[in-house]
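Scroll down for the structure; my scribbles are underneath it.
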Amino acid sequence: MTAVTPAAPISRIRLPGIAPLLVLASVAVMGGLVILPLITVFQSAFAKGLSTYLAALKDPDAQAAIRLTLIVAAIAVPLNAAFGIAAAWCVAKFEFRGKSALITLIDLPFSFSPVVSGLVWVLLFGAQGWFGDYLVEHDIKIIFALPGLVLATILVTLPFVARELIPLMQGQGSDEEAAALTLGASGFTTFWKITLPNIRWALLYGVLLCNARAMGEFGAVSVVSGHIRGQTTTLPLHVEVLYNDYDFVGAFAAASLLASLGLVTLLLKTALEWRHAGDLSAGRKR
Amino acid sequence: MPVTFPQAANAESSALALDIRGVSKAYGRFPALKDVSLQAHDKEFLALLGPSGSGKTTLLRVLAGLETPDAGEVRFGGEDFLSLPVRRRRVGMVFQHYALFRHMTVAQNIAFGLTVRPRAERPAREAVKARVAELLSLVQLEGLEKRFPAQLSGGQRQRVALARALAIEPRMLLLDEPFGALDAQVRRELRRWLRELHDRAGVTTVFVTHDQEEALDLADRVAILKDGELIQLGKPKDVYEAPADPFVYDFLGAACRMPGRVEGGRLTVADWESAAPKGAPEGSVEVFFRPDEVAFAPPDGAGLGAVVRAIAQRGPDVRIECVIDGQTVELEAHGPALPPGVAPGLALRIRPLRPRVYAS
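These protein sequence lines are chains B and F, in that order.
Counted from 1, the first sequence has number 287 at position 274 by my numbering; the numbering is strictly sequential.
Counted from 1, the second sequence has number 80 at position 66 by my numbering; the numbering is strictly sequential.
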């Protein structure tokens with residue numbers, strides 16, 4: 014029998030007293046900056062009882078805001094998912110000129126302020142914008158209307174899906190697709206039966222993050238919204254409007270919905286990372 | 015070590031299947047294939063042999079339709095292959111890393127080529143099942159149909175990839191380094207098995223390898239590529255015994271190399287003079303011989319004067335390190351062929367049995 018040498022233990026720096034101190038500091042910061050505000054949100058929302066809370070959510074303006082938020086996300090997220098898949102596909106599986114420029118462009122919305130992402134649409138489609146006259150003439154409303162909200166949201170959330178998929182698809186290479194083609198599959202069948210199943214969990218992960226951001230986006234949406242109550246206020250804008258009106262229960266009730274969305278997203282995200290870590294990214298270790 | 019050759023499956027007599035003419039392909043300014051022409055007969059087992067970067071895999075991918083050549087012609091069974099898209103060529107390809115569909119079971123992997131056919135040509139569910147079972151038994155993987163690729167060993171994965179490629183009843187089988195990712199033991203086993211499988215299935219097969227032993231052992235004919243050019247094409251025995259140039263000689267096995275001269279049909283290497291091999295070029299030459307194709311003689315015999323420097327036993331063979339004309343040369347001998355009393359410091363003569371001579 015050959016002796017099995019035990020794996021060398023991972024050496025850890027031991028500084029007595031330092032570790033507990035750091036843990037304590039981390040917990041204090043997390044508690045103070047994250048947990049406490051979260052508790053406050055729900056506490057303030059329920060401050061005047063459950064019935065007031067429900068009434069605040071049943072308010073027509075609140076209902077309209079919820080509906081609008083869902084509509085915007087329902088349009089923006091699938092479009093960005095489609096864009097993300099397309100962009101990741103061509104970056105990962107093909108060689109072409111300007112590839113690195115495309116990757117940089119995809120990341121661009123992350124690097125500038127969301128306000129800018131809203132403002133560009135005003136500059137393009139606002140009354141004084143490049144296409145302003147044309148739009149007024151033909152009675153097409155983009156700014157201060159649903160299309161503007163969707164455009165602003167799409168721009169802000171553009172990178173989420175693509176960024177999840179690019180490293181994964183690059184790691185997977187295109188051998189499986191090539192194999193499917195040699196076996197007689199059409200391009201569409203190959204995409205549907207090979208490419209998509211291979212990226213499904215990462216896609217879901219990206220969509221989840223994209224959706225959370227799309228529903229929670231404030232800055233960009235604020236610029237193009239015009240804050241018309243019951244018409245162009247999404248949930249985050251609704252919170253602001255109510256808060257400025259000193260309707261704290263209403264504001265926090267709406268905020269509690271957003272906070273819940275955040276918690277659910279976090280839960281699903283953690284579950285995905287736990288169950289499908291290997292499928293999320295070929296090179297990433299979690 | 016003696017090299018054994020398979021019996022060529024009377025390739026000559028059968029019809030021409032694959033006809034590659036003047037194929038060139040460049041990636042940017044890097045030429046991957048330069049004017050390659052070669053033919054394969056029906057049911058032939060052809061090896062594309064070469065070091066990495068020699069263009070062998072590119073050529074294979076051109077045959078599969080995964081790369082489009084810049085120039086040239088590829089015909090298969092008289093049909094213009096280049097005008098056919100990948101999916102209509104019906105070639106079974108086994109990728110170097112198998113490219114199994116990781117989210118499908120073994121059975122689903124094998125059935126894929128059948129289930130993606132247009133509805134009119136698609137076999138019935140039962141027929142697909144029967145075909146999968148048949149292929150599983152062919153590749154000796156019965157009972158593993160419900161496993162996923164990640165749950166298989168390398169050798170098993172390779173056999174699944176082969177079964178998947180065979181499922182579509184391919185007109186030609188393309189194998190990209192089929193044994194590259196396997197350990198030596200499994201590799202040798204699979205090699206014989208693959209050859210038998212080929213002989214039974216009767217499909218024209220082209221396989222890519224960088225392992226000369228594999229190519230010489232398996233193929234009916236070997237095509238040797240270097241820097242995108244076809245250097246030599248022939249039966250393993252012919253290629254091994256008459257390499258076209260020093261590169262091929264070196265690539266096909268261990269080689270000893272000495273400078274020499276050919277004048278008036280006489281070859282002179284160091285202090286040894288003999289009749290030059292047939293067709294040897296005149297003038298200054300490079301002389302090659304295999305380290306195990308030598309005869310030993312006493313110092314007053316014929317051959318290159320040598321002094322033994324070291325001896326090492328390596329299994330049944332003995333490695334003898336000699337100094338010939340100031341140059342260290344490693345020779346190999348089987349126990350019985352060993353000169354008597356061989357020890358470091360012994361002077362003897364070494365006569366290459368089959369020297370090859372190339373103009374230098």
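Note that beta-carbon positions come from the ideal geometry of N, C-alpha and C, so glycine has one too.
Exercise. Output yes if chain B places a C-beta closer than 8 Å to the C-beta of Arg323 (chain F); else output no.
Key: Proximity of Arg323 (chain F) to chain B, defined by a Cβ-Cβ separation below 8 Å, is not satisfied.
Quiz item: If you follow the beta strand (DSSP E) that Leu52 (chain F) is part of, which residue opens it and which one closes it?
Solution: Counted as a single uninterrupted DSSP element, the beta strand (DSSP E) harbouring Leu52 (chain F) occupies residues Phe44 to His55.
Quiz item: Mind pulling the chain B residues with CB within less than 8 Å of Val130 (chain F)?
Solution: Under the 8 Å cutoff, chain B gives Ala193, Leu196, Gly197, Ala198, Ser199, Thr202 and Lys206.
Quiz item: Any beta-carbon of chain B closer than 8 Å to the one on Gly127 (chain F)?
Solution: By this cut-off, Gly127 (chain F) is an interface position.
Quiz item: What are the start and end residues of the beta strand (DSSP E) that includes Glu1 (chain F)?
Solution: The structure shown does not extend to residue 1 (chain F), since chain F spans only 15 to 374, so no value can be given for it.
Practice problem: Determine the extent of the beta strand (DSSP E) in which Gly248 (chain F) is found, giving its start and end residues. | Solution: Where Gly248 (chain F) is concerned, the enclosing beta strand (DSSP E) starts and stops at Glu243 to Gly248.
Quiz item: Would Pro91 (chain B) count as contacting chain F if we go by Cβ distances under 8 Å?
Solution: Cβ-Cβ to chain F under 8 Å: no for Pro91 (chain B).
Quiz item: Should Glu177 (chain B) be flagged as near chain F, meaning a C-beta pair shorter than 8 Å?
Solution: Glu177 (chain B) does not count as touching chain F.
Self-check item: Enclosing alpha helix (DSSP H) for Gln183 (chain B) [first to last residue]
Solution: Counting along the chain, the unbroken alpha helix (DSSP H) around Gln183 (chain B) starts and ends at Pro172 to Gln185.
Exercise. Could you tell me the distance, in whole angstroms, from the CA atom of Pro16 (chain F) to the CA atom of Val332 (chain F)?
Key: Confidence at Pro16 (chain F) is low in this model, with a pLDDT of 45, below 50, so the placement of that residue should be treated as unreliable; the coordinate-derived value is given next. Their backbone Cα atoms lie some 14 Å apart in a straight line.
Quiz prompt | Below-8 Å beta-carbon distance, Asn211 (chain B) vs any chain F residue | solution = Yes, contact with chain F.
Quiz prompt | Positions along the segment 182-201 of chain F whose CB lies within less than 7 Å of some CB in chain B | solution = The residues in question are Ile182.
Quiz item: Taking 8 Å as the CB-CB cut-off, is Ala113 (chain F) touching chain B?
Solution: Under the Cβ criterion of 8 Å, Ala113 (chain F) is counted among the residues facing chain B.
Quiz item: Considering only C-alpha positions, which residue in the set F:Leu318, F:Ala138, F:Gly242 and F:Arg368 is nearest to Pro257 (chain F)?
Solution: For the set F:Leu318, F:Ala138, F:Gly242 and F:Arg368, the Cα lying nearest the Cα of Pro257 (chain F) is the one of F:Arg368.
Exercise. Pull out every residue of the segment 76-93 of chain F whose Cβ sits closer than 9 Å to any Cβ of chain B, in chain order.
Key: Of all residues in the segment 76-93 of chain F, Ala78, Gly79 and Leu80 have a Cβ within less than 9 Å of some Cβ in chain B.
Self-check item: C-alpha gap between Glu135 (chain F) and Ala193 (chain B), whole angstroms
Solution: Each residue's Cα considered, the two are about 17 Å apart.
Quiz item: Do the segment 234-246 of chain F and the segment 42-59 of chain F meet, that is, are 3 or more Cβ pairs less than 8 Å apart?
Solution: Two segments are said to touch when three or more pairs of C-beta atoms, one from each, lie closer than 8 Å; by this definition the segment 234-246 of chain F touches the segment 42-59 of chain F.
Quiz item: Helix or strand or just coil, what does DSSP make of Gln170 (chain F)?
Solution: In the three-state DSSP reduction, Gln170 (chain F) falls in the helix class (H, G or I).
Exercise. Taking only beta-carbon positions, decide if His224 (chain F) is within less than 8 Å of chain B.
Key: Closer than 8 Å to the CB of His224 (chain F) there is not a single CB belonging to chain B.
Quiz item: Going along chain B, which residues have a C-beta under 8 Å from His117 (chain F)?
Solution: Pro210 and Asn211, listed in chain order.
Quiz item: Using 8 Å as the limit for Cβ to Cβ distance, is Val105 (chain F) near chain B?
Solution: With its beta carbon less than 8 Å from one in chain B, Val105 (chain F) belongs to the interface.
Exercise. Can you check DSSP and say which residues form a bridge with Thr223 (chain F)?
Key: The partner list for Thr223 (chain F) (beta bridge, DSSP) reads F:Leu63.
Quiz item: Is the beta carbon of Val163 (chain B) less than 8 Å from the beta carbon of Ile88 (chain B)?
Solution: Cβ atoms of Val163 (chain B) and Ile88 (chain B): closer than 8 Å.
Quiz item: How about Ser100 (chain F): is its C-beta nearer than 8 Å to some C-beta of chain B?
Solution: The amino acid at residue 100 (chain F) is misidentified as Ser; the sequence shows Val. Chain B places a beta carbon closer than 8 Å to that of Val100 (chain F), counting this residue as a contact.
Quiz prompt | Span separating the alpha-carbon of Thr219 (chain F) from that of Arg323 (chain F) | solution = Rounded to the nearest angstrom, the two C-alpha atoms are 47 Å apart.
Self-check item: Collapsed DSSP secondary structure at Thr342 (chain F) in the structure displayed
Solution: Correct three-state label for Thr342 (chain F): strand.
Exercise. Quick one: grab the DSSP three-state call for Met43 (chain B).
Key: Note: Met43 (chain B) maps to helix in three-state DSSP.
Self-check item: Selected residue, minimal CA-CA separation from Ala69 (chain B), among B:Arg288, B:Trp205 and B:Asp260
Solution: Looking only at B:Arg288, B:Trp205 and B:Asp260, the smallest Cα-Cα distance to Ala69 (chain B) is reached by B:Asp260.
Quiz prompt | Classification of Lys112 (chain B) by the beta-carbon crowding that lies within 10 angstroms, buried from 16 upward | solution = Exposed.
Quiz item: Among residues of its own chain, excluding the 5 on either side of Arg116 (chain F), which ones have a beta-carbon nearer than 8 Å to its beta-carbon?
Solution: For Arg116 (chain F), same chain residues with a beta-carbon under 8 Å away, outside a window of 5 residues either side, are Phe162, Pro163 and Ala164 in chain order.
Quiz item: If you draw a straight line from the alpha carbon of Ala38 (chain B) to that of Gly44 (chain B), how long is it in whole angstroms?
Solution: When rounded, the distance between both Cα atoms is 10 Å.
Quiz item: Quick one: what's Trp286 (chain F) bridged to in DSSP?
Solution: As a beta-bridge residue in DSSP terms, Trp286 (chain F) pairs with F:Val283.
Exercise. Give the interface partners of Phe109 (chain F) over in chain B, defined as CB-CB distance under 8 Å, in chain order.
Key: Residues of chain B passing the Cβ test: Asp188, Ala191 and Ala192.
Quiz item: Do you know how far the Cα of Ala94 (chain B) is from the Cα of Leu63 (chain F)?
Solution: Approximately 45 Å between the Cα atoms of the pair.
Practice problem: Kindly indicate which three-state DSSP category Arg365 (chain F) falls into: helix, strand or coil? | Solution: DSSP places Arg365 (chain F) in the strand class (E or B) of the three-state scheme.
Quiz item: For Tyr372 (chain F), which of helix, strand or coil comes out of DSSP?
Solution: Residue state, collapsed to three classes: strand.
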